[in-house]
Structure formats: C-alpha cells, structure tokens
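*Asks:* For reference, each letter of the sequence shown is one residue, going 546 to 803 in our numbering. By construction, the Cβ of each residue, glycine as well, lies at the ideal position given by its N, Cα and C atoms. On a predicted model such as this, the values are computed, not experimentally measured, just so you know.
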Amino acid sequence: MTLNICWLYYDLMNTYGDYGNLLALEYRLKQLQIKTQISYFSVNSSQSLLEKADLFLMGGAEDRQQELVAKDLVGQKRRILQQKIQKQVPGLYICGAYQFLGEYYLTAAAKKLNCLNFAPLSTKSAKPHQTRLIGDIVVEITNPNLRPYFQQSNNRFLIGFENHNGRTYLKKRDNALGKVILGKGNNGLDHLEGVFFQNTLGTYLHGPILPRNPALADFLIEKALQIKYNQVISLKPIDDQLEQQNRLRLLKEFHVKI
546 MTLNICWLYY
556 DLMNTYGDYG
566 NLLALEYRLK
576 QLQIKTQISY
586 FSVNSSQSLL
596 EKADLFLMGG
606 AEDRQQELVA
616 KDLVGQKRRI
626 LQQKIQKQVP
636 GLYICGAYQF
646 LGEYYLTAAA
656 KKLNCLNFAP
666 LSTKSAKPHQ
676 TRLIGDIVVE
686 ITNPNLRPYF
696 QQSNNRFLIG
706 FENHNGRTYL
716 KKRDNALGKV
726 ILGKGNNGLD
736 HLEGVFFQNT
746 LGTYLHGPIL
756 PRNPALADFL
766 IEKALQIKYN
776 QVISLKPIDD
786 QLEQQNRLRL
796 LKEFHVKI
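(1) Would you report the Cα separation of residue 670 and residue 677, rounded to the nearest angstrom?
(2) So residue 593 is in the alpha helix (DSSP H); what residue range does that whole segment cover?
(3) Expressed to the nearest angstrom, what Euclidean distance is found between the alpha-carbon atoms of residue 709 and residue 573?
(4) Once the 5 residues before and after residue 634 are set aside, which same chain residues still bring their CB inside 6 Å of it?
(5) What residue range does the alpha helix (DSSP H) around residue 572 cover?
(6) How about residue 749 and residue 643: do their beta carbons lie closer than 8 Å?
(7) Ends of the beta strand (DSSP E) at residue 718?
(8) Rounded to the nearest angstrom, what separates residue 570 and residue 623 at their Cα positions?
(9) Going by beta-carbon coordinates alone, are residue 744 and residue 721 separated by less than 8 Å?
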C-alpha cells in the first residue's frame, strides 16, 4: 500500500510549526510499513498534485499569506479540492487553513477574503479591544460522526496549543469537532472548537496536534487508505506507550477527568 500526502501551501501556511503533523504521519506510516509519498503544493504547483492526493494537510499563517493563498486557491484548483472532499478524502486543516474552509474571513484591516465555502462557518479577526486567544487547550470530541472512532476514554480528548486572533462561528453546533474543556476554542464564547465534515477536520489546535494525539493521526491514515483502496482497513496497533503516558500526565496537569 502507498499513501500520497499533499501538503497544501507548505511555504506560505506554516507559521506555527504544523510541519510536525507531516512528520508524525510519516513516522506512523513507517511503523505500519506503508509507503509514503509527499507532494508539496503551492502557488505555482501543478493541479495534478491535488488530483493524486490521498490525504491533505494545511497549516496556519498571518493575514498577508492568507491573502496570497485566497487569490490562488480558486477556479479549477478549488473545484478539484472540493471534489476530493466530496469523495471523503480526508484532510487536516489548522488555524488559517481551518478558516479557509468557511465562507469568508474578515481581516484585521476589515478586508473581506472570500474563502472556499466548503463548510457553513465564517471568521472575523479580533476587534481592537479583544485579546488574542493563546494557551493550552483540551477539546472533548463530540461530533456524532467522529466520536464513535474514539471510544477509549482518554483518546476522546484532543490536546493542543491555540494561538489565533480570528473568531470562528459555526452555523450549526453539531458540525463542531468538539467542546472546549480547557482554553478558548473557536471564538472564546460558545465553548465549541473546530469543525468536522466528510472526513475533513478543521481546528485551531497547534502543538502540533498529531504528535500529541496519535489516535487522530491513525484515524486520518485509516480513512485515507479506506477511501483510496475502497475496502475496510484496520490498522495494526502501534506502540504508543510513551505518547499515552505524556497524554495522561498532561490531562492530569490540566485537571481533566477521564
């Protein structure tokens, strides 16, 4: 088996160390003895990189970089990505990339960027009197389409670090990735975090998120393989003893009841 991971706008949307998510996937795929191909997609890249992708990754950036991406990810590129998502090809979209999944993003300069409009959500940059949302964050997975895959008690909690000025608002609460146990989440008001639809996951969790939450990495890998090969696939267990010990330590430190 081979898995092709497409890292979207790797040179523009990677301000907060989300490259670690790619490293985590590469490591786990190596442990699973699954061949990995990495496609680095950016402004001048061929759309064929999108067409052959089995799994998408995209990170966060500042307003200037997001404006550049907004101008490029249109037309045929947008249509191909939309078709892939409609076919349930999984993806992990962090921070600024998460915002791109929605209808629009209103920048700090009050400039409205039209986004991909794949999910019923919108984002507005913080007002001058509002503070940036920064700090450790713990989210309990509640999305009805995702929760069944995370039955182990501690795996239902996602641990990360948030650092964002944008406030994201979902039109439907059920589309949220989960509820905030610690931290601010989408907007600091409604106790929701992220979005999940059609195997596409948008979130404000850095950390990076996948090294801290290996079960989520395995979910993305498993779904990508199932969609690509059109068959039921169950991954063999990987020794996560150290990762789980660290997760339990952090959850205890954050006073999260498992």
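*Replies:* For this structure:
(1) 10 Å
(2) Residue 593: member of the alpha helix (DSSP H) spanning 593–596, first to last residue.
(3) 28 Å
(4) 772, listed in sequence order.
(5) 564–576
(6) yes
(7) Taken as a continuous stretch (DSSP letters only), residue 718 belongs to no beta strand (DSSP E), as it is neither H nor E.
(8) 25 Å
(9) no
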